[in-house]
Amino acid sequence: MSNINKDLGQLVREYRTKANMTQLELANKLGYESMQFVSLFERGLSKIPLKVIGKLVIILGIPEKKITKTLVEVYVNDLTEQIDEGKRSVS
Numbered sequence: 003m004s005n006i007n008k009d010l011g012q013l014v015r016e017y018r019t020k021a022n023m024t025q026l027e028l029a030n031k032l033g034y035e036s037m038q039f040v041s042l043f044e045r046g047l048s049k050i051p052l053k054v055i056g057k058l059v060i061i062l063g064i065p066e067k068k069i070t071k072t073l074v075e076v077y078v079n080d081l082t083e084q085i086d087e088g089k090r091s092v093s
């Protein structure tokens with residue numbers, strides 16, 4: 003599921019930028035002192051905890067349906083790839 007972190011990170015970066023907010027400002031609103039937490043998940047290097055996703059919906063105004071849709075689409079794509087890989091390994 004490597005794409006989920008990357009796709010969510012891009013979505014957060016898009017909405018943070020629209021809100022004219024720095025990574026440090028967002029980190030502070032999320033209760034962190036360092037911007038590293040935000041930087042890591044925006045680059046897709048770290049998973050965003052579900053509780054943090056809930057906070058991002060409020061702080062950045064990200065539509066909850068958009069985040070849910072992103073999660074489901076990436077999961078379905080990854081699941082399909084893994085199933086296809088399994089089928090190919092039997093041939």
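Heads up: the sequence shown runs through residues 3 to 93, numbered per my numbering.
Glycine included, each C-beta is placed from N, C-alpha and C at the ideal position.
Computed from a predicted model, the values in this text were never measured in an experiment.
#1: Measuring CB atoms only, is the stretch 74-84 touching the stretch 40-59, in the sense that at least three cross pairs come out at less than 8 Å?
#2: Work out the CA separation of I60 and E87 for me, nearest whole Å.
#3: Measure the alpha-carbon distance for M37 versus T24 and round it to whole angstroms.
#4: May I have the straight-line CA-CA distance separating G11 from N5, to the nearest angstrom?
#5: Using only the alpha-carbon positions, how far apart do V92 and V78 sit?
The relevant details are as follows:
#1: no
#2: Within the sequence shown, numbered from 1, the residue matching residue 87 stands at position 85. Within the sequence shown, numbered from 1, the residue matching residue 60 stands at position 58. Going by the C-alpha atoms only, they are around 38 Å apart.
#3: Here residue 37 corresponds to residue number 35 of the sequence shown, with the count starting at 1. Here residue 24 corresponds to residue number 22 of the sequence shown, with the count starting at 1. Whole-angstrom Cα-Cα distance: 9 Å.
#4: Residue 11 sits at position 9 when you count from the first residue of the sequence shown. Residue 5 sits at position 3 when you count from the first residue of the sequence shown. Those two C-alpha atoms are separated by around 10 Å.
#5: Here the question's residue 92 lines up with position 90 in the sequence shown. Here the question's residue 78 lines up with position 76 in the sequence shown. One C-alpha to the other measures close to 22 Å.
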